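S.K.:
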Amino acid sequence: MSKRVQLTENIKDYMRTKCGTDVDFNQFAVYQARGISTEPISQNSLYDGGVLAREALVDMANIINEPLSTVSIQSMHDNRTLPQGKVFHAEVVDENNATSALYTLFGVSTEHPDLVNKTDNGVIDEVSYGFTPTKVLCSECGKDFMDPDVDIFDLWEGHCPECGAYMGKDGAHVNIPGVKSVSELSLVGRGAAKHAKILDSFYQMAMSEDSTVTLTKESLKKDILKLDLCSNITNEEVIDMTEEEIKAAILSATGPLSEEMGKMQATLASLGEEKNALEAAKDTAEQAVAALKEENASLSKEKADLESALEEAKNKAGEVQSKFDAEIQKVLVAAGLSDSVPTDLEAKLELLNKARLTLANIPVNGVSKPADKLNDDAEKVDFSAFKAN
Ligand SMILES: [Zn+2]
């Protein structure tokens with residue numbers, strides 16, 4: 071609400087002049103804007119660096135203050151919607167020796183609470199005048215860009231067909247000595263719609279009442295020459311800042327931001343270090359895993375080798391066992407014992423002892439002849455290895 075202007079008797083008079091004596095003051099939220107001035111224009115167009123004469127501002131004030139004229143409030147230069155308010159009054163203020171500015175008093179209809187809120191809250195903080203100059207003169211040679219012989223591309227590029235200068239470059243710019251019409255005051259967001267003018271015009275032409283597109287060279291030229299200039303909504307008197315003060319304000323606004331940036335960069339750097347350390351740890355772990363895998367493989371091979379060695383040993387033991395059993399069998403036969411070879415080792419030893427006792431009584435190179443096997447054809451075996459000395 072701080073942006074709204076308190077209604078004085080003077081202001082109420084301006085409102086009565088524009089809306090009739092029975093105007094309901096509650097129907098409007100009233101604001102003030104420091105309008106365009108005699109300072110050079112900054113706009114990416116033919117008008118870049120251009121200068122309005124004080125007389126041009128007086129023309130605008132006169133047009134706006136003419137009791138029967140109406141300058142409507144639009145938002146975002148959208149002429150397809152009904153006006154959302156009205157300009158009540160304008161005045162040229164000579165701020166100092168060098169600068170004059172147009173101050174404007176306007177009201178937004180409370181039937182558009184959204185627009186009022188946006189203006190109150192600063193979402194919309196600029197106004198943009200749409201107006202048509204009487205002449206647009208080259209500062210270098212005085213050629214009028216509104217002359218019918220000026221090509222549309224020269225207008226578009228800000229190129230003077232007479233002297234070749236480019237407006238906004240090398241000190242060349244247009245001079246606007248007067249204004250012949252003011253079409254509207256538009257409420258816009260900061261920096262909005264400044265460069266979207268041509269697109270808007272195409273759209274507006276396509277949406278015109280008779281639904282036919284009347285896109286002609288002349289209408290386009292007229293549109294380029296129509297000038298929209300932005301300025302701030304403020305109820306402060308005059309904002310007078312030197313370049314140094316503006317720099318200081320920008321620095322104080324951006325200082326904390328650069329500090330924050332510095333902190334973020336430090337955090338990023340330390341995160342990078344952490345990442346490197348983690349990657350190194352990951353490499354070490356991967357190497358350890360590879361070493362373990364290798365060890366596992368060699369252990370498996372060792373195990374297999376051992377298993378096959380064990381198998382071989384078992385086979386050998388089996389062979390020895392059966393050879394041993396065969397030898398025992400021979401001893402038993404020689405000793406004339408008919409027992410079969412037992413599997414138990416103790417029993418085998420006992421049986422061999424028994425055979426030894428028997429064989430001890432047999433002469434060298436002789437064979438015992440047990441009672442149940444008195445056979446001369448009995449096999450002759452050398453049992454010297456089994457003889458006890
Ligand atoms: Zn020129």
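Going by the working numbering, the sequence shown opens with residue 71, and the numbers climb by one from there.
Just so it is clear, CB atoms sit at the ideal spot from N, CA and C, and this is done for glycine as well.
As the structure is a prediction and not an experimental result, all values here were calculated from the model.
Measuring only from the beta carbon, is Lys205 closer than 7 angstroms to any heavy atom that is part of ligand 1?
M.R.: no
S.K.: What distance in whole Å lies between the Cβ atoms of Gln102 and Thr174, which are believed to be in contact at a cut-off of 8 angstroms?
M.R.: Right, their Cβ atoms sit about 7 angstroms apart.
S.K.: By a C-beta neighbour count over all protein chains shown, 10 Å radius and 16 as the cutoff for buried, is Gln335 buried or exposed?
M.R.: Exposed, because fewer than 16 other Cβ atoms sit within 10 Å of the Cβ of Gln335.
S.K.: With hydrogens ignored, establish whether the beta-carbon of Lys239 is closer than 7 angstroms to any heavy atom of ligand 1.
M.R.: no
S.K.: Which of the three DSSP states, helix, strand or coil, is assigned to Phe272?
M.R.: Interpretation of Phe272 is limited by its pLDDT of 33, a score under 50 that renders its predicted location unreliable; the figure taken from the coordinates is listed afterwards. Helix at Phe272.
S.K.: At what residues does the beta strand (DSSP E) containing Thr189 begin and finish?
M.R.: Run containing Thr189: none in the beta strand (DSSP E); it sits in the alpha helix (DSSP H), 183–190.
S.K.: Helix, strand or coil: how does DSSP classify Val401 here?
M.R.: Three-state DSSP puts Val401 in a helix.
S.K.: In terms of residue numbering, what span does the alpha helix (DSSP H) encompassing Glu416 cover?
M.R.: 415–429
S.K.: Can you say whether Asp221 is buried or exposed, counting buried as having 16 or more other CB atoms within 10 angstroms of its CB?
M.R.: exposed
S.K.: Under 7 angstroms from any heavy atom of ligand 1, does the C-beta of Glu232 make it?
M.R.: Under cutoff, so the answer is yes.
S.K.: Let me check you understand the geometry: is the CB of Cys24 closer than 7 angstroms to at least one non-hydrogen atom of ligand 1?
M.R.: With the chain running from 71 to 459 in the structure shown, residue 24 is simply not present.
S.K.: Is DSSP giving Phe223 helix, strand or coil here?
M.R.: helix
S.K.: Is Glu210 near ligand 1, judged by its Cβ being under 7 angstroms from some heavy atom?
M.R.: Yes, the beta carbon of Glu210 sits closer than 7 angstroms to at least one heavy atom of ligand 1.
S.K.: Give me, in chain order, the residues of the same chain whose beta-carbon lies closer than 6 angstroms to that of Ser24; leave out the 5 immediate sequence neighbours on both sides.
M.R.: It is not possible to answer for residue 24, since the shown part of the chain is limited to 71 through 459.
S.K.: Compute every distance between the C-beta of Ala99 and the non-hydrogen atoms of ligand 1, then say whether any falls below 7 angstroms.
M.R.: A distance criterion of 7 angstroms places the beta-carbon of Ala99 beyond contact range of ligand 1, judged by its closest non-hydrogen atom.
S.K.: How big is the Cα-Cα spacing for Tyr199 and Glu254?
M.R.: 6 angstroms
S.K.: Please report the straight-line C-alpha distance between Asn80 and Thr87, rounded to a whole angstrom.
M.R.: 11 angstroms
S.K.: Count Cβ pairs between the segment 205–212 and the segment 175–189 that sit closer than 8 angstroms; are there 3 or more?
M.R.: no
S.K.: With DSSP run on the structure shown, which of helix, strand or coil describes Phe95?
M.R.: helix
S.K.: Measuring from the CB of Ala171, is there a heavy atom of ligand 1 at a distance below 7 angstroms?
M.R.: No; taking the cut-off as 7 angstroms, the Cβ of Ala171 has no heavy atom of ligand 1 nearer than that.
S.K.: Look up Asp348 in the DSSP assignment and say whether it is helix, strand or coil.
M.R.: A quick correction: the sequence has Leu, not Asp, at residue 348. Helix.
S.K.: Could you tell me whether any non-hydrogen atom of ligand 1 is closer than 7 angstroms to the CB of Ala235?
M.R.: yes
S.K.: How big is the Cα-Cα spacing for Val411 and Ala383?
M.R.: 23 angstroms
S.K.: Looking only at its own chain, which residues have a Cβ that is under 7 angstroms from the Cβ of Gly238, when we skip the five neighbours before and after it?
M.R.: Asp118, Gly119, Gly228
S.K.: If we count the other Cβ atoms within 10 Å of its Cβ and call it buried at 16 or more, is Gly406 buried or exposed?
M.R.: With 16 or more other Cβ atoms inside 10 Å of its own Cβ, Gly406 counts as buried.
S.K.: Do you know whose CA, among Ala123, Leu207, Pro153, lies nearest Asp164's CA?
M.R.: Ala123
S.K.: For Gly388, I'd like the list of residues in its chain whose CB is within less than 7 angstroms of its CB, leaving aside the five on either flank, ordered along the chain.
M.R.: Nothing meets the Cβ criterion.
S.K.: Just mark Cys208 as buried or exposed, buried being the case when its beta carbon has 16 or more other beta carbons within 10 Å.
M.R.: buried
S.K.: Just to confirm, are Ile133 and Ser251 a CB contact at a threshold of 8 angstroms?
M.R.: yes
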